[in-house]
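Asks:
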Amino acid sequence: MRILLTGGAGFIGSHLLDTLRDQGVEVTVVDDFNDFYAPKAKRANIEPHMGTPGFDLVEGDIREESTWARLDPSAGWTAVIHIAARAGVRPSLLEPQLYVSTNVDGTAAALQWASSAPEPLPFVLASSSSVYGDANSVPFCEETAVLQPVSPYGASKVAAEELVETWVRAHGMRAAALRFFTVYGPRQRPDLAIHKFARKISRGEPIPVFGDGSSARDYTHVQDVVQGALAALKNLLDGTLNERVYNLGSDRSISLDTMISVVEEAVGRRAVIDRQPNQPGDVRRTWADLGRSQRDLGYAPTVRFEDGVADFVRWLRSQ
Numbered sequence: 036m037r038i039l040l041t042g043g044a045g046f047i048g049s050h051l052l053d054t055l056r057d058q059g060v061e062v063t064v065v066d067d068f069n070d071f072y073a074p075k076a077k078r079a080n081i082e083p084h085m086g087t088p089g090f091d092l093v094e095g096d097i098r099e100e101s102t103w104a105r106l107d108p109s110a111g112w113t114a115v116i117h118i119a120a121r122a123g124v125r126p127s128l129l130e131p132q133l134y135v136s137t138n139v140d141g142t143a144a145a146l147q148w149a150s151s152a153p154e155p156l157p158f159v160l161a162s163s164s165s166v167y168g169d170a171n172s173v174p175f176c177e178e179t180a181v182l183q184p185v186s187p188y189g190a191s192k193v194a195a196e197e198l199v200e201t202w203v204r205a206h207g208m209r210a211a212a213l214r215f216f217t218v219y220g221p222r223q224r225p226d227l228a229i230h231k232f233a234r235k236i237s238r239g240e241p242i243p244v245f246g247d248g249s250s251a252r253d254y255t256h257v258q259d260v261v262q263g264a265l266a267a268l269k270n271l272l273d274g275t276l277n278e279r280v281y282n283l284g285s286d287r288s289i290s291l292d293t294m295i296s297v298v299e300e301a302v303g304r305r306a307v308i309d310r311q312p313n314q315p316g317d318v319r320r321t322w323a324d325l326g327r328s329q330r331d332l333g334y335a336p337t338v339r340f341e342d343g344v345a346d347f348v349r350w351l352r353s354q
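This is how it looks when you write it as structure tokens:
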């Protein structure tokens with residue numbers, strides 16, 4: 036098996052890379068090591084694989100034709116897993132054109148390359164719960180929820196999903212879009228709440244808390260997301276995937292105040308709270324309906340939030 040993995044040096048991508056390589060899969064990573072957060076952290080994520088047989092790195096921007104020109108689509112590939120994206124709701128409000136360019140144009144470029152193989156390559160897209168926006172009914176169900184994103188990031192992921200659907204119709208491509216729900220765990224981006232809060236609480240610094248603490252998220256450990264993504268890939272390759280879109284969450288919506296309490300417990304120190312107004316782009320709640328993923332993928336998240344946060348804090352202290 037030979038996989039092209041875009042964004043393979045980032046948080047989720049590098050965990051996928053680790054698992055694929057542990058399974059003996061050949062992997063080529065495409066990553067541009069941009070400065071959204073420290074490029075050296077992303078290089079450290081893939082360092083154990085550098086120079087090992089069956090691993091290759093193509094350093095380049097997925098939007099650029101020159102990046103794809105370095106990859107031969109007829110060279111025995113099995114599938115594409117497309118993780119590369121500009122991530123984050125709040126930053127997307129500041130740089131919407133960058134998010135649209137990377138997440139929409141970049142996805143189109145990846146799809147075009149995959150469809151230029153002798154047979155269109157199976158394609159797995161990393162999408163996001165942000166496509167649901169502030170949906171009125173919970174949990175969010177793929178079949179019934181109306182997509183109403185409230186940020187350029189969410190809108191860019193809706194567009195990416197539509198591009199995948201277009202390639203399926205136009206080229207007969209086998210594809211799946213996986214909607215990740217607030218992924219956390221070792222290597223999490225430093226701008227995300229659990230990482231930021233754990234770091235600041237450890238130092239005795241105030242943590243910015245937007246709103247009254249009642250907003251809630253479906254926090255999903257990165258290892259559960261990896262297992263769900265690989266199950267989707269397997270079924271895609273077997274020809275047994277019944278649907279196009281799947282939620283990957285934990286089936287548990289946790290309030291902001293509860294999340295802070297769990298981080299405090301893991302760190303062993305109380306937080307200094309800096310209450311601030313709600314931010315544009317924030318939603319009240321996310322919560323994944325996992326019925327479809329359980330039925331088709333056998334997806335069953337195993338990491339309890341409390342255990343996952345403790346695991347993350349141990350990793351953070353090791354850095």
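Last residue of the sequence shown: 354 (our numbering), numbering continuous. Quick reminder that beta carbons are idealized off the backbone N, C-alpha and C, glycines included. Predicted model, so just to flag it, every value in this text is computed and none were measured.
Find the nearest neighbour of Glu299 within the set Val348, Ser163 and Gly326, judged by alpha-carbon distance.
Replies: The shortest Cα separation from Glu299 among Val348, Ser163 and Gly326 belongs to Val348.
Asks: Among Gly220, Leu52 and Ala143, whose alpha-carbon lies nearest the alpha-carbon of His84?
Replies: Here the closest residue by C-alpha is Leu52.
Asks: With 16 as the cutoff for other CB atoms within 10 Å, does Lys192 come out buried or exposed?
Replies: With 16 or more other Cβ atoms within 10 Å, it is buried.
Asks: Determine the direct distance from the alpha carbon of Tyr254 to that of Leu227, and round the result to whole angstroms.
Replies: So the alpha carbons of these two residues sit roughly 12 Å apart.
Asks: Inspect the CB distances between the stretch 143-155 and the stretch 196-214 and report whether three or more fall short of 8 Å.
Replies: Cβ pair count under 8 Å is three or more, so yes.
Asks: With 16 as the cutoff for other CB atoms within 10 Å, does Ile97 come out buried or exposed?
Replies: Burial call: buried.
Asks: Any chance the CB of Gly220 is under 7 Å from a heavy atom of the ligand ATP?
Replies: Only the bare structure without any ligand can be found here, which leaves the ligand ATP out of the picture.
Asks: When you compare only the Cα positions, how much space is there between Arg252 and Val318?
Replies: If I take the Cα positions, the gap works out to 9 Å.
Asks: For the beta strand (DSSP E) holding Gln311, just list the boundary residues, first then last.
Replies: Looking at the DSSP string, the run of the beta strand (DSSP E) that includes Gln311 is Val307 to Gln311.
Asks: With burial defined as no fewer than 16 other Cβ atoms inside 10 Å of the residue's Cβ, what is the status of Arg339: buried or exposed?
Replies: Result: exposed.
Asks: State buried or exposed for Leu129, treating a residue as buried only when at least 16 other CB atoms are found within 10 Å of its CB.
Replies: The residue in question, Leu129, is exposed, as its Cβ has fewer than 16 Cβ neighbours within 10 Å.
Asks: Considering only C-alpha positions, which residue in the set Asp342, Thr142 and Ala73 is nearest to Val199?
Replies: Checked all of Asp342, Thr142 and Ala73; the closest Cα to Val199 is Thr142.
Asks: What's the C-alpha gap between Thr102 and Ser162?
Replies: Between Thr102 and Ser162, the C-alpha separation is close to 22 Å.
Asks: Need the endpoints of the alpha helix (DSSP H) that Phe215 sits in, please.
Replies: Here Phe215 belongs to no alpha helix (DSSP H); instead the beta strand (DSSP E) covers Ala210 to Phe215.
Asks: At 4 residues or longer, what runs of the alpha helix (DSSP H) sit wholly inside the stretch 90-177?
Replies: Runs of the alpha helix (DSSP H) inside the stretch 90-177: 100-103, 124-129, 131-135 and 141-150.
Asks: Around the Cβ of Glu178, are there at least 16 other Cβ atoms within 10 angstroms (buried) or fewer (exposed)?
Replies: With fewer than 16 other Cβ atoms within 10 Å, it is exposed.
Asks: Return the first residue and the last residue of the beta strand (DSSP E) that Thr63 is part of.
Replies: First-last of the beta strand (DSSP E) with Thr63: Glu61 to Asp66.
Asks: Who are Gln183's beta bridge partners in DSSP?
Replies: Gly168, per the DSSP bridge assignment.
Asks: Give me, in chain order, the residues of the same chain whose beta-carbon lies closer than 8 Å to that of Gly111; leave out the 5 immediate sequence neighbours on both sides.
Replies: So the list reads Arg37, once near-sequence residues are dropped.
Asks: Quick check for students: name the residue ranges of the alpha helix (DSSP H) that lie wholly in the stretch 227-278, counting only runs of 4 or more.
Replies: Taking only runs of at least 4 residues, the alpha helix (DSSP H) segments lying wholly in the stretch 227-278 are 228-238 and 257-273.
Asks: Going by C-alpha distance, which of Leu283, Gly42 and Ala306 is nearest Ile242?
Replies: The shortest Cα separation from Ile242 among Leu283, Gly42 and Ala306 belongs to Ala306.
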